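Before any comments, here is the structure.
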Amino acid sequence: MFLNEDMAKYAAEVQEELKQLIRDLCAIPAPSHHEEKRAEFCKKWFEDNGFTNVTIDEALNVIAPLNVTANNPLTVIMAHTDTVFPDTEPMPFSEDGEYMYSPGVGDDTANLAVLMICARYYKDNFPGGSEGMLIVANSCEEGLGNLKGSRRIVADYGSRITDFISLDGATLNRVVTRAVGSHRYKVTVRTEGGHSFGKFGNRNAIHVLSSMITSLYTVKVPQNGDSITTYNVGHISGGTSVNTIAQNAEMMYEYRSTDRECLATMKDMFYKVIEFYRATGVGVEVEVIGDRPCGGDVDPVKLEALRNRFRASVKDIFDLETINGSSSTDCNIPLSEGIPAICFGVCKAFGSHTREEKVNIASLQDGCRLLLDFLYRK
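Residue 109 in the working numbering sits at position 96 of the sequence shown, with consecutive numbering throughout.
And the structure:
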(Lines of atoms letter the chains of each structure in order from A and count residues from 1; the text may use other names and numbers.)
(Lines give C-alpha, C1' and ligand atoms only; values in the text may rest on other atoms or scores of the structure.)
Protein backbone atom coordinates (compact mmCIF):
# COMPACT_ATOMS: atom_id res chain seq x y z
CA MET A 1 0.00 0.00 0.00
CA PHE A 2 1.37 3.42 -0.97
CA LEU A 3 -1.10 5.26 1.26
CA ASN A 4 0.90 6.14 4.36
CA GLU A 5 -0.25 7.42 7.75
CA ASP A 6 0.24 11.07 6.78
CA MET A 7 -1.89 10.70 3.63
CA ALA A 8 -4.65 8.90 5.52
CA LYS A 9 -4.63 11.62 8.18
CA TYR A 10 -4.86 14.32 5.49
CA ALA A 11 -7.78 12.52 3.78
CA ALA A 12 -9.65 12.50 7.10
CA GLU A 13 -8.85 16.08 8.10
CA VAL A 14 -9.93 17.73 4.83
CA GLN A 15 -13.46 16.32 4.73
CA GLU A 16 -15.24 19.46 5.93
CA GLU A 17 -13.23 21.56 3.49
CA LEU A 18 -13.99 19.09 0.72
CA LYS A 19 -17.73 19.20 1.40
CA GLN A 20 -17.67 22.99 1.33
CA LEU A 21 -15.79 22.92 -1.97
CA ILE A 22 -18.51 20.69 -3.44
CA ARG A 23 -21.19 23.08 -2.16
CA ASP A 24 -19.39 26.03 -3.71
CA LEU A 25 -18.93 24.30 -7.08
CA CYS A 26 -22.55 23.10 -7.21
CA ALA A 27 -23.70 26.70 -6.75
CA ILE A 28 -22.01 27.69 -10.02
CA PRO A 29 -23.95 26.73 -13.19
CA ALA A 30 -21.71 25.14 -15.83
CA PRO A 31 -23.49 23.78 -18.91
CA SER A 32 -21.12 22.60 -21.64
CA HIS A 33 -19.47 25.51 -23.52
CA HIS A 34 -20.43 27.87 -20.68
CA GLU A 35 -18.08 26.86 -17.86
CA GLU A 36 -16.51 30.31 -17.54
CA LYS A 37 -17.62 30.95 -13.93
CA ARG A 38 -16.56 27.53 -12.67
CA ALA A 39 -13.27 27.90 -14.50
CA GLU A 40 -12.58 31.23 -12.80
CA PHE A 41 -13.51 29.74 -9.42
CA CYS A 42 -11.16 26.78 -9.93
CA LYS A 43 -8.31 28.98 -11.10
CA LYS A 44 -8.62 31.20 -8.02
CA TRP A 45 -8.84 28.15 -5.74
CA PHE A 46 -5.63 26.70 -7.18
CA GLU A 47 -3.84 30.02 -6.86
CA ASP A 48 -5.10 30.56 -3.30
CA ASN A 49 -3.76 27.10 -2.43
CA GLY A 50 -0.22 27.70 -3.61
CA PHE A 51 -0.26 26.59 -7.25
CA THR A 52 1.68 28.79 -9.66
CA ASN A 53 1.35 29.53 -13.37
CA VAL A 54 -2.32 28.48 -13.37
CA THR A 55 -4.01 29.26 -16.70
CA ILE A 56 -7.35 29.00 -18.45
CA ASP A 57 -6.93 28.04 -22.11
CA GLU A 58 -9.21 28.87 -25.04
CA ALA A 59 -11.25 25.70 -24.44
CA LEU A 60 -11.94 26.85 -20.83
CA ASN A 61 -9.65 24.22 -19.32
CA VAL A 62 -8.11 25.27 -16.01
CA ILE A 63 -4.51 23.99 -16.01
CA ALA A 64 -2.44 23.82 -12.82
CA PRO A 65 1.07 22.58 -13.72
CA LEU A 66 3.42 20.75 -11.36
CA ASN A 67 7.13 20.40 -12.21
CA VAL A 68 6.42 21.22 -15.87
CA THR A 69 9.39 22.37 -17.96
CA ALA A 70 9.63 23.20 -21.64
CA ASN A 71 9.70 19.59 -22.87
CA ASN A 72 9.63 17.07 -20.02
CA PRO A 73 7.18 14.13 -20.14
CA LEU A 74 3.80 14.70 -18.52
CA THR A 75 1.04 12.90 -16.70
CA VAL A 76 -2.39 14.47 -17.19
CA ILE A 77 -5.07 14.02 -14.53
CA MET A 78 -8.39 15.76 -15.03
CA ALA A 79 -12.02 16.02 -13.96
CA HIS A 80 -14.61 17.96 -15.90
CA THR A 81 -16.29 21.18 -14.82
CA ASP A 82 -19.39 21.00 -17.03
CA THR A 83 -22.72 19.43 -16.13
CA VAL A 84 -25.14 17.69 -18.47
CA PHE A 85 -27.87 20.17 -17.49
CA PRO A 86 -28.50 23.36 -19.52
CA ASP A 87 -29.37 25.50 -16.47
CA THR A 88 -27.72 28.90 -16.33
CA GLU A 89 -29.10 29.68 -12.85
CA PRO A 90 -27.89 27.92 -9.68
CA MET A 91 -29.45 24.47 -9.32
CA PRO A 92 -30.98 23.24 -6.05
CA PHE A 93 -28.66 21.78 -3.44
CA SER A 94 -29.44 19.99 -0.20
CA GLU A 95 -27.80 17.49 2.12
CA ASP A 96 -28.46 15.27 5.09
CA GLY A 97 -26.17 13.11 7.15
CA GLU A 98 -25.71 10.58 4.38
CA TYR A 99 -25.98 12.32 1.00
CA MET A 100 -25.44 15.55 -0.89
CA TYR A 101 -28.18 16.18 -3.46
CA SER A 102 -27.86 18.34 -6.57
CA PRO A 103 -27.97 17.88 -10.36
CA GLY A 104 -24.39 17.19 -11.42
CA VAL A 105 -23.08 16.66 -7.88
CA GLY A 106 -21.65 13.28 -8.79
CA ASP A 107 -21.05 13.82 -12.48
CA ASP A 108 -18.61 15.34 -12.11
CA THR A 109 -18.50 17.88 -9.29
CA ALA A 110 -17.50 15.58 -6.42
CA ASN A 111 -14.76 13.94 -8.51
CA LEU A 112 -13.45 17.40 -9.44
CA ALA A 113 -13.41 18.50 -5.79
CA VAL A 114 -11.53 15.36 -4.70
CA LEU A 115 -8.98 15.98 -7.45
CA MET A 116 -8.42 19.57 -6.31
CA ILE A 117 -8.02 18.64 -2.64
CA CYS A 118 -5.65 15.73 -3.37
CA ALA A 119 -3.66 17.74 -5.91
CA ARG A 120 -2.80 20.22 -3.14
CA TYR A 121 -1.33 17.42 -1.01
CA TYR A 122 0.61 16.09 -4.00
CA LYS A 123 1.98 19.56 -4.71
CA ASP A 124 3.09 20.02 -1.11
CA ASN A 125 4.62 16.53 -1.01
CA PHE A 126 5.91 16.23 -4.56
CA PRO A 127 7.87 12.98 -4.93
CA GLY A 128 10.49 14.46 -7.24
CA GLY A 129 11.70 13.14 -10.58
CA SER A 130 11.86 14.62 -14.03
CA GLU A 131 8.26 14.03 -15.07
CA GLY A 132 5.69 16.79 -14.71
CA MET A 133 1.96 16.72 -14.09
CA LEU A 134 -0.93 18.73 -15.41
CA ILE A 135 -3.86 19.02 -13.01
CA VAL A 136 -6.80 19.96 -15.25
CA ALA A 137 -10.36 21.07 -14.49
CA ASN A 138 -11.53 20.50 -18.03
CA SER A 139 -14.47 21.68 -20.08
CA CYS A 140 -17.03 20.10 -22.38
CA GLU A 141 -17.07 16.42 -21.47
CA GLU A 142 -20.84 16.10 -21.50
CA GLY A 143 -23.15 15.55 -24.49
CA LEU A 144 -22.60 18.10 -27.21
CA GLY A 145 -19.48 19.39 -25.52
CA ASN A 146 -17.88 16.78 -27.79
CA LEU A 147 -14.82 16.41 -25.51
CA LYS A 148 -13.60 19.87 -26.46
CA GLY A 149 -11.45 20.27 -23.34
CA SER A 150 -9.75 16.90 -23.66
CA ARG A 151 -9.13 17.50 -27.36
CA ARG A 152 -7.36 20.75 -26.58
CA ILE A 153 -5.11 19.21 -23.93
CA VAL A 154 -4.08 16.39 -26.28
CA ALA A 155 -3.56 18.84 -29.15
CA ASP A 156 -1.31 21.05 -27.02
CA TYR A 157 0.64 18.40 -25.08
CA GLY A 158 -0.01 15.08 -26.84
CA SER A 159 3.54 14.10 -27.76
CA ARG A 160 4.66 14.66 -24.16
CA ILE A 161 1.84 12.80 -22.37
CA THR A 162 2.87 9.42 -20.97
CA ASP A 163 -0.29 8.72 -18.92
CA PHE A 164 -3.75 10.27 -19.02
CA ILE A 165 -6.26 9.86 -16.19
CA SER A 166 -9.83 11.13 -16.09
CA LEU A 167 -11.75 11.16 -12.81
CA ASP A 168 -15.35 10.55 -13.79
CA GLY A 169 -17.60 7.84 -12.40
CA ALA A 170 -19.96 6.83 -9.64
CA THR A 171 -18.11 3.93 -8.02
CA LEU A 172 -14.72 3.45 -6.42
CA ASN A 173 -13.69 0.19 -8.07
CA ARG A 174 -14.75 0.53 -11.72
CA VAL A 175 -12.27 1.47 -14.42
CA VAL A 176 -13.08 2.27 -18.03
CA THR A 177 -10.87 0.00 -20.11
CA ARG A 178 -12.52 0.50 -23.49
CA ALA A 179 -13.51 3.70 -25.30
CA VAL A 180 -16.97 3.92 -26.84
CA GLY A 181 -16.90 6.08 -29.96
CA SER A 182 -19.95 7.84 -31.35
CA HIS A 183 -21.29 9.94 -34.22
CA ARG A 184 -24.18 12.31 -33.54
CA TYR A 185 -26.40 14.07 -36.05
CA LYS A 186 -29.20 16.57 -36.33
CA VAL A 187 -31.35 15.51 -39.29
CA THR A 188 -33.93 17.90 -40.75
CA VAL A 189 -36.60 16.84 -43.26
CA ARG A 190 -38.35 19.48 -45.41
CA THR A 191 -41.45 19.01 -47.60
CA GLU A 192 -44.01 21.26 -49.32
CA GLY A 193 -46.56 20.92 -46.49
CA GLY A 194 -49.81 22.84 -46.67
CA HIS A 195 -53.34 22.97 -45.25
CA SER A 196 -54.42 19.63 -43.82
CA PHE A 197 -57.68 19.64 -45.83
CA GLY A 198 -56.96 21.80 -48.84
CA LYS A 199 -53.56 20.26 -49.59
CA PHE A 200 -54.29 16.73 -48.43
CA GLY A 201 -51.91 14.36 -50.19
CA ASN A 202 -48.87 16.63 -49.97
CA ARG A 203 -45.95 14.99 -48.22
CA ASN A 204 -45.77 15.50 -44.47
CA ALA A 205 -42.27 16.02 -43.03
CA ILE A 206 -43.26 14.31 -39.78
CA HIS A 207 -44.46 11.24 -41.69
CA VAL A 208 -41.27 11.15 -43.75
CA LEU A 209 -39.12 11.53 -40.65
CA SER A 210 -41.08 8.77 -38.91
CA SER A 211 -40.48 6.49 -41.88
CA MET A 212 -36.78 7.36 -41.82
CA ILE A 213 -36.57 6.52 -38.12
CA THR A 214 -38.27 3.19 -38.78
CA SER A 215 -35.68 2.48 -41.49
CA LEU A 216 -32.80 3.34 -39.15
CA TYR A 217 -34.25 1.06 -36.50
CA THR A 218 -34.27 -1.92 -38.89
CA VAL A 219 -30.48 -1.74 -39.26
CA LYS A 220 -28.68 -4.81 -37.98
CA VAL A 221 -25.73 -3.60 -35.96
CA PRO A 222 -22.32 -4.82 -37.17
CA GLN A 223 -20.22 -7.17 -35.08
CA ASN A 224 -16.45 -7.44 -34.89
CA GLY A 225 -15.28 -9.90 -32.25
CA ASP A 226 -16.70 -8.83 -28.89
CA SER A 227 -17.63 -5.32 -30.08
CA ILE A 228 -20.75 -3.56 -28.83
CA THR A 229 -22.65 -1.21 -31.16
CA THR A 230 -25.87 0.70 -30.42
CA TYR A 231 -28.05 3.44 -31.94
CA ASN A 232 -30.70 5.83 -30.71
CA VAL A 233 -33.05 8.65 -31.72
CA GLY A 234 -33.08 10.85 -28.64
CA HIS A 235 -35.15 13.86 -29.70
CA ILE A 236 -37.71 14.75 -32.38
CA SER A 237 -39.60 17.97 -33.15
CA GLY A 238 -41.42 19.69 -35.99
CA GLY A 239 -44.71 20.74 -37.48
CA THR A 240 -46.86 23.83 -36.96
CA SER A 241 -50.37 22.93 -35.86
CA VAL A 242 -52.93 20.14 -35.82
CA ASN A 243 -54.40 21.30 -39.15
CA THR A 244 -51.14 21.88 -40.98
CA ILE A 245 -49.26 19.34 -43.07
CA ALA A 246 -45.81 19.63 -41.52
CA GLN A 247 -43.22 21.31 -43.71
CA ASN A 248 -40.30 20.40 -41.48
CA ALA A 249 -39.35 17.93 -38.81
CA GLU A 250 -36.04 17.11 -37.18
CA MET A 251 -34.40 14.53 -34.98
CA MET A 252 -31.18 13.94 -33.09
CA TYR A 253 -29.67 10.56 -33.87
CA GLU A 254 -26.55 8.81 -32.70
CA TYR A 255 -24.80 5.47 -32.98
CA ARG A 256 -22.01 4.21 -30.75
CA SER A 257 -19.48 1.44 -30.89
CA THR A 258 -16.45 0.07 -29.11
CA ASP A 259 -14.94 -0.76 -32.51
CA ARG A 260 -13.66 1.64 -35.19
CA GLU A 261 -14.66 -0.60 -38.09
CA CYS A 262 -18.19 -1.00 -36.73
CA LEU A 263 -18.44 2.76 -36.29
CA ALA A 264 -17.46 3.22 -39.94
CA THR A 265 -20.03 0.61 -41.03
CA MET A 266 -22.77 2.41 -39.11
CA LYS A 267 -21.79 5.68 -40.77
CA ASP A 268 -22.06 4.09 -44.20
CA MET A 269 -25.49 2.62 -43.42
CA PHE A 270 -26.73 5.93 -42.00
CA TYR A 271 -25.82 7.88 -45.12
CA LYS A 272 -27.35 5.22 -47.38
CA VAL A 273 -30.68 5.72 -45.56
CA ILE A 274 -30.32 9.50 -45.93
CA GLU A 275 -29.62 9.21 -49.69
CA PHE A 276 -32.62 6.92 -50.16
CA TYR A 277 -34.97 9.58 -48.78
CA ARG A 278 -33.28 12.37 -50.70
CA ALA A 279 -33.88 10.35 -53.85
CA THR A 280 -37.65 10.54 -53.22
CA GLY A 281 -37.50 14.30 -53.69
CA VAL A 282 -37.76 15.50 -50.08
CA GLY A 283 -35.17 17.81 -48.62
CA VAL A 284 -32.92 16.18 -46.04
CA GLU A 285 -30.26 18.17 -44.22
CA VAL A 286 -27.63 16.50 -42.03
CA GLU A 287 -25.56 18.35 -39.45
CA VAL A 288 -22.81 16.54 -37.54
CA ILE A 289 -23.16 17.62 -33.90
CA GLY A 290 -20.81 15.14 -32.27
CA ASP A 291 -17.87 12.92 -33.18
CA ARG A 292 -16.12 10.90 -30.50
CA PRO A 293 -13.42 8.47 -31.61
CA CYS A 294 -12.89 4.91 -30.44
CA GLY A 295 -9.59 3.77 -29.02
CA GLY A 296 -6.56 3.73 -31.30
CA ASP A 297 -3.28 1.86 -31.39
CA VAL A 298 -2.08 2.12 -27.79
CA ASP A 299 0.95 0.20 -26.53
CA PRO A 300 -0.81 -2.70 -24.75
CA VAL A 301 1.97 -3.11 -22.19
CA LYS A 302 1.85 0.55 -21.14
CA LEU A 303 -1.94 0.59 -21.07
CA GLU A 304 -2.12 -2.55 -18.96
CA ALA A 305 0.47 -1.12 -16.57
CA LEU A 306 -1.75 1.93 -16.01
CA ARG A 307 -4.81 -0.26 -15.46
CA ASN A 308 -2.88 -2.51 -13.06
CA ARG A 309 -1.77 0.53 -11.10
CA PHE A 310 -5.44 1.37 -10.43
CA ARG A 311 -6.34 -2.24 -9.70
CA ALA A 312 -3.55 -2.45 -7.13
CA SER A 313 -4.79 0.68 -5.38
CA VAL A 314 -8.35 -0.65 -5.24
CA LYS A 315 -7.17 -3.99 -3.90
CA ASP A 316 -4.91 -2.47 -1.25
CA ILE A 317 -7.30 0.24 -0.08
CA PHE A 318 -10.63 -1.61 -0.20
CA ASP A 319 -9.74 -5.28 -0.74
CA LEU A 320 -12.02 -5.24 -3.78
CA GLU A 321 -11.65 -6.58 -7.28
CA THR A 322 -11.85 -4.05 -10.10
CA ILE A 323 -14.82 -3.91 -12.48
CA ASN A 324 -13.84 -3.26 -16.10
CA GLY A 325 -16.20 -1.20 -18.24
CA SER A 326 -16.74 0.48 -21.60
CA SER A 327 -17.77 4.11 -21.79
CA SER A 328 -17.47 7.40 -23.64
CA THR A 329 -15.22 9.68 -21.56
CA ASP A 330 -12.49 12.28 -21.89
CA CYS A 331 -10.13 9.31 -22.34
CA ASN A 332 -11.52 8.69 -25.85
CA ILE A 333 -9.28 11.43 -27.21
CA PRO A 334 -5.90 10.29 -25.83
CA LEU A 335 -6.72 6.63 -26.52
CA SER A 336 -7.52 7.49 -30.14
CA GLU A 337 -4.07 9.12 -30.37
CA GLY A 338 -2.25 6.13 -28.90
CA ILE A 339 -1.81 7.57 -25.39
CA PRO A 340 -2.43 5.20 -22.44
CA ALA A 341 -5.51 6.45 -20.57
CA ILE A 342 -7.98 5.26 -17.95
CA CYS A 343 -11.06 6.71 -16.31
CA PHE A 344 -12.32 6.00 -12.79
CA GLY A 345 -14.36 7.66 -10.07
CA VAL A 346 -13.38 8.80 -6.57
CA CYS A 347 -16.85 8.93 -5.01
CA LYS A 348 -20.04 6.89 -4.83
CA ALA A 349 -22.88 8.61 -6.65
CA PHE A 350 -26.39 7.72 -7.75
CA GLY A 351 -28.88 9.05 -10.31
CA SER A 352 -26.34 10.38 -12.79
CA HIS A 353 -27.88 12.63 -15.48
CA THR A 354 -31.07 13.06 -13.45
CA ARG A 355 -32.15 15.93 -11.24
CA GLU A 356 -32.27 13.52 -8.31
CA GLU A 357 -28.51 12.96 -8.41
CA LYS A 358 -26.77 12.39 -5.07
CA VAL A 359 -23.34 11.60 -3.64
CA ASN A 360 -22.63 9.45 -0.61
CA ILE A 361 -20.77 11.72 1.81
CA ALA A 362 -18.81 8.93 3.51
CA SER A 363 -17.38 7.85 0.14
CA LEU A 364 -15.51 11.13 -0.26
CA GLN A 365 -12.86 10.18 2.30
CA ASP A 366 -12.46 6.80 0.61
CA GLY A 367 -12.09 8.61 -2.71
CA CYS A 368 -9.31 10.79 -1.31
CA ARG A 369 -7.50 7.75 0.05
CA LEU A 370 -7.81 5.95 -3.28
CA LEU A 371 -6.56 8.88 -5.34
CA LEU A 372 -3.61 9.59 -3.05
CA ASP A 373 -2.55 5.96 -3.13
CA PHE A 374 -2.86 5.92 -6.93
CA LEU A 375 -0.87 9.13 -7.40
CA TYR A 376 2.09 7.87 -5.40
CA ARG A 377 2.27 4.56 -7.24
CA LYS A 378 3.78 6.34 -10.26
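The beta carbon of each residue, even a glycine, is placed where N, CA and C say it ideally should be. From a predicted model like this one, the values you see are computed outputs, not experimental measurements.
Span separating the alpha-carbon of residue i from that of residue j
i, j, result
"T367", "V189", "21 Å"
"S309", "E350", "Here the sequence assigns Gly to residue 309, which means Ser is not the residue at that position. Taking the straight line from one Cα to the other gives about 6 Å."
"F15", "A24", "14 Å"
"P353", "A72", "22 Å"
"G110", "L383", "22 Å"
"E317", "D239", "19 Å"
"S195", "C344", "13 Å"
"T101", "N62", "28 Å"
"F363", "E370", "6 Å"
"D120", "F331", "22 Å"
"K391", "E30", "27 Å"
"A168", "I249", "35 Å"
"S228", "V221", "11 Å"
"G141", "Y134", "14 Å"
"S209", "V255", "8 Å"
"M91", "K285", "39 Å"
"Y6", "L38", "It is not possible to answer for residue 6, since the shown part of the chain is limited to 14 through 391."
"G211", "V295", "20 Å"
"L388", "M20", "11 Å"
"A40", "P99", "14 Å"
"L160", "A83", "26 Å"
"E267", "H47", "23 Å"
"K22", "S376", "16 Å"
Proximal residues to residue i (C-beta, below 7 Å), its chain only, five neighbours per side dropped
i, result
"K56", "V67, I69 and V75"
"N17", "none"
"E108", "Y114"
"R36", "F106"
Assumed close pair residue i, residue j - CB separation to whole angstroms, cut-off 8 Å
i, j, result
"S152", "G162", "4 Å"
"V200", "M264", "5 Å"
"E155", "D95", "5 Å"
"G207", "S45", "Not really, about 39 Å apart at Cβ, beyond 8 Å."
"L276", "M129", "Not really, about 35 Å apart at Cβ, beyond 8 Å."
Own chain, CB closer than 6 Å to residue i, minus 5 neighbours either side, in chain order
i, result
"Q28", "Q378"
"I226", "V246"
"R269", "V193, S195 and T243"
"E274", "N237"
"L319", "D176, P353 and I355"
"F59", "V67 and A77"
"V372", "M113, V118, G119, A123, C360 and A362"
"T342", "S179, D181, V189 and C356"
"I219", "G251, G252, A259 and A262"
"C297", "First, the residue type needs correcting, since residue 297 is Val and not Cys in the sequence shown. Within the same chain, V297 has close Cβ partners V202, I287, Y290 and R291."
"K328", "none"
"V232", "M282"
Where residue i falls, given that 16 or more other Cβ within 10 Å makes a residue buried
i, result
"L333", "exposed"
"H93", "buried"
"V314", "exposed"
"G117", "buried"
"S224", "exposed"
"P42", "buried"
"T293", "exposed"
"V311", "buried"
"E26", "exposed"
"F283", "buried"
Proximal residues to residue i (C-beta, below 8 Å), its chain only, five neighbours per side dropped
i, result
"I336", "T184, N186, R187 and V188"
"V89", "M146, L147, V149, I166, Y170, I174, D176, F177, I178 and P347"
"S339", "V189, T190, R191, A192, V193, I241 and T271"
"N85", "S143, E144, G145 and R173"
"T257", "G206, G207, H208 and S209"
"D137", "G63"
Test item: CB-CB of residue i and residue j under 8 Å
i, j, result
"R164", "G303", "no"
"L79", "F139", "yes"
"I148", "A123", "no"
"A259", "N217", "yes"
"T278", "P306", "no"
"I287", "V299", "yes"
"N261", "R203", "yes"
"D281", "S326", "no"
"F64", "A77", "yes"
"F106", "Y112", "no"
"L180", "F357", "yes"
"C381", "V81", "no"
"K50", "I374", "no"
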